[in-house]
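Here the sequence shown is numbered in my numbering, starting from 23 and rising by one per residue. Glycine included, each C-beta is placed from N, C-alpha and C at the ideal position. Computed from a predicted model, the values in this text were never measured in an experiment. To keep things clear, I will list the structure first and then write my remarks on it.
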Amino acid sequence: MFRLTHAQWDNTVRDLLRRDDSFEFAADFRDDPYQSGFLFDNNFSALSVDSILWDNYRGAAGQVAAAVVADEDILDAIVPGGAVSDDEQAAAFVEEFGSRAFRRPLTTAERDAYLELFDEAPGLYPDTQASRAGIQFVVEAMLQSPHFLYRIERSDDDADGLVPLTSYELASRLSYLLWNSMPDDVLLAAARDDELTDPDELERHARRLLESERAAETVAHFHRQLFELDNIAAAAPSQALFPDTSSRFGEYAQTEAELFLNEVVFSDDGGIRELLLSPKTFVNAELARVYGLSGDYDDDFEPVTLDDERRAGLFTQLGFLAANATSAQPDPIHRGVFMAERVACKSIPAPPDDITPLPSAEGRTNREVVEAHTEDPDTVCAACHATTINPFGFPFENYDASGAWRDRDNGHDVDASSEVRIGDDVVAVDHALDLVTALASSATVHRCYAQHLIEFATGRPAEAQDEGWAARLGDQSFADTLSVQDLLVELIRSPAFTHRSAQELE
23 MFRLTHAQWD NTVRDLLRRD DSFEFAADFR DDPYQSGFLF DNNFSALSVD SILWDNYRGA
83 AGQVAAAVVA DEDILDAIVP GGAVSDDEQA AAFVEEFGSR AFRRPLTTAE RDAYLELFDE
143 APGLYPDTQA SRAGIQFVVE AMLQSPHFLY RIERSDDDAD GLVPLTSYEL ASRLSYLLWN
203 SMPDDVLLAA ARDDELTDPD ELERHARRLL ESERAAETVA HFHRQLFELD NIAAAAPSQA
263 LFPDTSSRFG EYAQTEAELF LNEVVFSDDG GIRELLLSPK TFVNAELARV YGLSGDYDDD
323 FEPVTLDDER RAGLFTQLGF LAANATSAQP DPIHRGVFMA ERVACKSIPA PPDDITPLPS
383 AEGRTNREVV EAHTEDPDTV CAACHATTIN PFGFPFENYD ASGAWRDRDN GHDVDASSEV
443 RIGDDVVAVD HALDLVTALA SSATVHRCYA QHLIEFATGR PAEAQDEGWA ARLGDQSFAD
503 TLSVQDLLVE LIRSPAFTHR SAQELE
């Protein structure tokens, strides 16, 4: 079972009530615990319900139900018309609202149980008109049901191996992946007609959902977590050392990264290569100064094309570079760890607890300080730093702590050369553009991105069978230059999405 995230709870209530905006009651829910070892906030094993959250759910259900019967527009939207008697209207409401709340048809037992609640409600709400009391009680009860709070994928409980999901289960998987909310009426109708077990029909609906701004928001959420975009907002280069920056620099740089990713994925229908290599971005006046751009800019962000001999893709933009730096110096260690783990899917063990800080430069370059401190073969650090971390981090030495370009460091020429192992290949690079070009040209990197996408789409850590699916999807991306949207569609068509293991979620 997959418990809805707090955002999904809010979105689902909004769509269930056919509202344009959310009540945002979930803002008062207790925070979900940190999900150690999992990049995304939808890991089913960590999304538990304790007594505090259960009280949150109960309180919010009561508030929503009271708001429903107090709002004529909501009632008009969710109560079916055409009934000739109160009993018919009650049955029609329970059937339709319940099937949308649970994202599947009600069983006969469920229907009868909720009709009993509907009939009992006037005694509980004596000051409320009888039919409205019934609606209020049923809404409050359904919003506390596990069938609302969880996505339950039972399929064939007795099956072995890979179990195909039903059309209703696929409708929920698809909608919560791309819209972060319940299926719309069109998708539920397709599930009712059992269309979604046909891969072509599933793809047709996936592409329909991808055309919505909601899909852009969900893909942005995936990238925000994968690439740690929220950390960019905390980037704070020293304004004394970098006078082109202000206290809002991190906020601006995060906006730049988010606009860039949306442009690549949805406006340009680009893929992994474009994420890594496109020189296009968005700047306001402050970011333009840091980039050294000439021209008139103001507080609004506008598209620009950067110098393609110095900038290519997300990781040569200001946000990534400044977020992985101190206030005064670039940080090749954190830049290298990020690139190795998030882009190349290398596993790096946690550092020891007794790490000593970097010494002062004393006339040396930043690179020389890091090399001397981390690559001594007599230390435990060298095993990871000399072979993986530093080779991925040093190519970014041409960018200072604000992300601005530099040729000199502490009076010396910058050395950004490196030899990087990407998959089975060792690649010599002279600078960051060589590195990102090598990454974009590596099937290993495309497979890595596909692996992250599978984890996000399935809401669980990688399993053994995922390696093969990630390889197939990554190789498609690499060989066919698939866009991110096409890669999503190929994932949705694959057994990684349309099936579950017999042991999963039991």
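Taking C-beta separations shorter than 6 Å and ignoring five residues to either side along the sequence, the partners of residue 343 in its chain run 421, 425, following chain order. For the stretch 144-224, the continuous alpha helix (DSSP H) assignments of 4+ residues that do not extend past its boundaries occur at 152-164, 168-171, 189-200, 207-214, in sequence order. Annotated as proximal: residue 26 and residue 172, with beta-carbon spacing under 8 Å.
The Cβ atoms of residue 476 and residue 461 lie no closer than 8 Å to each other. In this structure, the beta-carbon distance from residue 478 to residue 442 does not fall below 8 Å. Of the candidates 204, 470, 191, 226, the residue whose Cα lies closest to the Cα of residue 213 is 191.
For residue 441, the uninterrupted beta strand (DSSP E) segment begins and ends at 440-444. Counting along the chain, the unbroken alpha helix (DSSP H) around residue 393 starts and ends at 388-396. Remark: C-beta atoms of residue 468 and residue 500 approach each other more closely than 8 Å.
In the displayed model, residue 385 falls within coil according to three-state DSSP, outside both helix and strand.
DSSP links residue 287 through a beta bridge to no other residue. Residue 151 counts as exposed, since fewer than 16 other beta carbons sit within 10 angstroms of its beta carbon. Cβ neighbours of residue 255 within its own chain (closer than 7 Å, five residues either side excluded): 272, 273, 276. As DSSP reads the structure, residue 91 sits in no beta bridge. In this structure, DSSP gives residue 354 a helical state, which the three-state scheme calls helix. By the criterion of a C-beta distance shorter than 7 Å, residue 362 is surrounded in its chain by 368, 370, 410, 411, 414, once the five residues flanking it on both sides are discounted. By the criterion of a C-beta distance shorter than 8 Å, residue 325 is surrounded in its chain by 285, 302, 303, 304, once the five residues flanking it on both sides are discounted. Burial of residue 31 is indicated by the presence of at least 16 other C-beta atoms within 10 angstroms of its C-beta.
When beta bridges are read from the DSSP output, residue 522 appears opposite 185.
The C-beta of residue 407 has 16 or more other C-beta atoms within 10 Å across all chains shown, which makes the residue buried. For residue 125, the secondary structure class from DSSP, reduced to helix, strand or coil, is coil. Residue 401: not part of any alpha helix (DSSP H); DSSP gives it neither H nor E.
Rounded to whole angstroms, the gap between the alpha carbons of residue 224 and residue 90 is 33 Å.
By the Cβ rule, the stretch 254-270 does not count as touching the stretch 288-298, because fewer than three pairs are nearer than 8 Å. Nearest to residue 110 by alpha-carbon distance, out of 140, 452, 99, is 140. Note that the stretch 77-87 touches the stretch 156-169; at least 3 beta-carbon pairs, one per stretch, sit closer than 8 Å.
Of the candidates 516, 41, 523, 516 places its Cα closest to the Cα of residue 472. Membership of residue 48 in any alpha helix (DSSP H) is not indicated, and neither H nor E is assigned to it by DSSP.
CA-to-CA, the gap between residue 266 and residue 251 works out to about 22 Å. Only residues of its own chain outside the window of five on either side were considered, and among them 454 have a CB closer than 6 Å to the CB of residue 338, listed in chain order. At a Cβ-Cβ threshold of 8 Å, residue 195 and residue 416 do not count as neighbours. Going by beta carbons, residue 186 and residue 197 fall outside the 8 Å limit. Taken through DSSP and simplified to helix, strand or coil, residue 56 comes out as coil.
Residue 76 sits exposed, since fewer than 16 C-beta atoms from the chains shown fall within 10 Å of its C-beta.
Counting only unbroken stretches of 4 or more residues, the alpha helix (DSSP H) elements lying wholly within the stretch 316-353 are 340-345, in sequence order. By the criterion of at least three beta-carbon pairs nearer than 8 Å, the stretch 391-404 is not in contact with the stretch 319-334.
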